[in-house]
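In our numbering, the protein residues as written are 444 to 1070.
Positions of the beta carbon are idealized from the N, C-alpha and C atoms, including for glycine.
See below for the structure under consideration.
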C-alpha cells in the first residue's frame, strides 16, 4: 500500500477549505448526503440508458449511522460507486468533480438534476474529522477499494472486501475542544435535525436505525426496545407537489411548522416559473407580525434551496425591505453558487428571481385589495406601515409600485380608503388631496384647521402613523392632484374678498402682531386669520417640514435640529381677538401674558410639549383670578 500526496495546489485548497471557505461546520453532512444522492442519480440514469444495469428503485437509499464509542459517523449509499481510478481522480485531486463531468457529458434531452458540481463538498468533512475512510465498489468493476486520508498529508488506496455496489464513508470525529463540541454530531436528535434542516428534500430516502420503545405485553405492562429503520427526510418538498394534491391545510401546517407560528398564514402564494431562470417559490404572508419583527435582531429573507438542498436559511436579497414580513422558500436549479455552496456569487439570476417575487407579491396584494377587502384591511392594519416605509425609502424609488396598496382613514367615509378611491370621489371644484396628521383619529378630527376644509365638503385623509406624512411627501401627487396638509398656512381656500379683508386687518395690526412674535420668540410669524370657525387659535407651518414631521425628528436618538417653521394664527372673529387688541392698547403686561397662554394652547392642540408649564399654569391662574 503506497501513500500518495495531494498535488501541491490541492494541499493549499484543502487547507483553505477547512479553515476559510466553510463558515458553518454543520454543513459537512449536507455535502456528503448530496454526494450520495448524486451517486444514486447516476445509477438510476445508467439503468435508463444501459439495459445491462438493473435497478430496483426501492433499493436506492442513503444510510446514516453513528457510534459514540468509536466517535464515528457513517454515511453509505447504494449508488453507482467508484472505481480505483475514480477514487484517485475524484478524491485525490481536490475540486475535480465526477458529478460535474457526468453532467457535462449528458445531452440536453438526458439532463437530470445533479447536486454536486465542484468536487469540494466532500472535503468539508475534514472540518469535523481527523480521518476519513471511503470504501466503494463501482458498477463497472469486480473489485472494491478503500480510500483513506487524515488530511493534507495525503491519502492511501488499497483493495477492499465490499461486496455490494455503492459507497460507504466513515468519519472519525475530532476530539472536543473548548471552542468546538464535535461530540454533538454523535447524537441522534442532532443528526435528525441536520438532515431535516439541510437535506429534507433529497429525493432518495435517508435512513437511520433508531431505537423505539414498544409495548411488549399489555397485561404485564412490559416494554421492549426495538431497533427500526426510520426515514428522516420528506423527499418531495411541498412546493414541488401538484397543486391539486395539496390541500390548504397542508400549506398551513407546513408554514406553522417551518416558521414556528401558532397561527395560520393570512395568504399563501405558490408559483412555478420556467424560462431564463427557472424556480419554484412558496410564500406566506403571516396573519400577525412575528414576535421579533420590530427588534433590531429581526432578519428578513426566504429559505433558498438548490435542487431541494438548503443553501441559505434566510436569503435577504430575495426580499425588498417593504416586504420583509413575507416568509417562504425558493428552489432553483439555475443559481450561481460559490464552491462552498454557503453563499451566492453575484448572480443575475438571483436578482431576476427577486424582481419576479417582488412583482408577484405586489400583484397578489393588489388582487386581495380588489377581491377580498376585509382580508386586505386585516393585512394592512398589521403591515401597512412597512409599505409606507417602502414608499419613501431610497428617495421614493418604489413609490409608483406601492402607492396603490396604501390606505388612509377618510374623514368623510370614516373608514380606510385608497388614494384612487379618494380621487374618484372628489368634487369637481376640488384641486388638491387634503390630509391632516396626528397621533389618533380623535385628535386629528379636533384640529382647528380641519374645519375649513370640511366646510367646503372636501374629504380629508387622517394620517396617524409616524411614517404617513413622509410617504405622502414622497408620492407628492396622485393622478395629477397634489397633496396639501391642512396645517399648512397657505391652503388658498378663501375667496378673493376674504383674502383682501384679512390682509387689511393684518396690515392694520402689524405692530401688535410683531409684539406677540417677540414675546413668543419661537414662531416665524403671528397673524390673524378668517379660516377658523369656532376655534380661537392654531399653529400652522410654512415650508416642507410639518409639525408632525418635527415630532418624528425630535424623537430620534440623534437630534437632527430640523424644525418646522411655525405660525401662530388667531381667529379674527373670535372674542379673544378683540381682547388681545384691547390689551395691547391698555395693558402691555397682561397682553404679553395672554400671548404666552394662547401660544401654549396652540402647542397643546398641535400635540407639542410646553417647555415652561409651571409659568403658563401660574399665568392662567392669574388671569382667572382677575376675572
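Would you tell me roughly how many angstroms separate the C-alpha atoms of residue i and residue j, rounded to the nearest one?
i	j	result
residue 1023	residue 904	34 Å
residue 579	residue 565	14 Å
residue 1057	residue 1037	15 Å
residue 997	residue 1005	8 Å
residue 763	residue 801	7 Å
residue 573	residue 593	6 Å
residue 782	residue 477	In this predicted model, residue 782 has a pLDDT of only 45, less than 50, meaning its place in the structure is not dependable enough to derive any value.
residue 713	residue 636	26 Å
residue 524	residue 673	24 Å
residue 689	residue 863	37 Å
residue 486	residue 818	50 Å
residue 795	residue 760	11 Å
residue 829	residue 493	57 Å
residue 744	residue 725	13 Å
residue 933	residue 885	24 Å
residue 711	residue 809	14 Å
residue 582	residue 617	33 Å
residue 1062	residue 1026	15 Å
residue 741	residue 816	29 Å
residue 1052	residue 883	17 Å
residue 754	residue 733	23 Å
residue 558	residue 749	Because the pLDDT at residue 558 is just 40, under 50, the model does not fix this residue reliably, and the point stays unresolved.
residue 955	residue 1030	12 Å
residue 798	residue 683	21 Å
residue 925	residue 969	27 Å
residue 621	residue 667	38 Å
residue 825	residue 488	50 Å
residue 875	residue 1068	47 Å
residue 963	residue 807	53 Å
residue 639	residue 793	25 Å
What is the residue span of the alpha helix (DSSP H) that residue i lies within?
i	result
residue 387	Look at the range of the chain in this structure, 444 to 1070, and you will see that residue 387 is not part of it.
residue 805	791-814
residue 701	691-701
residue 1034	1031-1049
residue 710	Where residue 710 is concerned, there is no enclosing alpha helix (DSSP H), although the beta strand (DSSP E) it sits in stretches over 710-716.
residue 916	911-918
residue 845	842-845
residue 1063	1056-1069
residue 947	939-951
residue 893	893-898
residue 746	Not the alpha helix (DSSP H): residue 746 falls in the beta strand (DSSP E), residues 745-749.
residue 863	862-867
residue 885	884-888
Are the CB atoms of residue j and residue i within a distance shorter than 8 Å?
i	j	result
residue 703	residue 676	no
residue 483	residue 647	yes
residue 728	residue 822	yes
residue 849	residue 917	no
residue 731	residue 706	yes
residue 984	residue 930	yes
residue 982	residue 1009	yes
residue 978	residue 949	no
residue 505	residue 649	yes
residue 966	residue 1011	yes
residue 841	residue 765	yes
residue 615	residue 604	no
Where do the N-terminal and C-terminal ends of the beta strand (DSSP E) with residue i fall, by residue?
i	result
residue 926	924-928
residue 506	505-510
residue 484	It is not in any beta strand (DSSP E) - residue 484 instead sits in the alpha helix (DSSP H) that spans 470-492.
residue 573	572-580
residue 985	980-985
residue 758	752-758
residue 972	968-972
residue 875	875-880
Taking residue i and residue j to be in contact with their CB atoms under 8 Å, please state how far apart those CB atoms are, rounded to whole angstroms.
i	j	result
residue 468	residue 571	6 Å
residue 988	residue 1007	5 Å
residue 880	residue 912	5 Å
residue 508	residue 631	The Cβ separation is near 10 Å, so there is no contact.
residue 908	residue 831	7 Å
residue 771	residue 680	Residue 771 to residue 680, Cβ: 12 Å. No contact.
residue 516	residue 628	6 Å
residue 522	residue 576	Not a contact, Cβ separation roughly 17 Å.
residue 895	residue 936	6 Å
residue 470	residue 567	6 Å
Does any heavy atom of the ligand COA sit closer than 7 Å to the C-beta of residue i?
i	result
residue 930	Of ligands this structure carries none, so the ligand COA is not represented either.
Any alpha helix (DSSP H) of 4 or more consecutive residues that is wholly inside the segment 593-671 = Scanning the segment 593-671 for uninterrupted alpha helix (DSSP H) segments of 4 residues or longer gives 631-641, listed from N- to C-terminal end.
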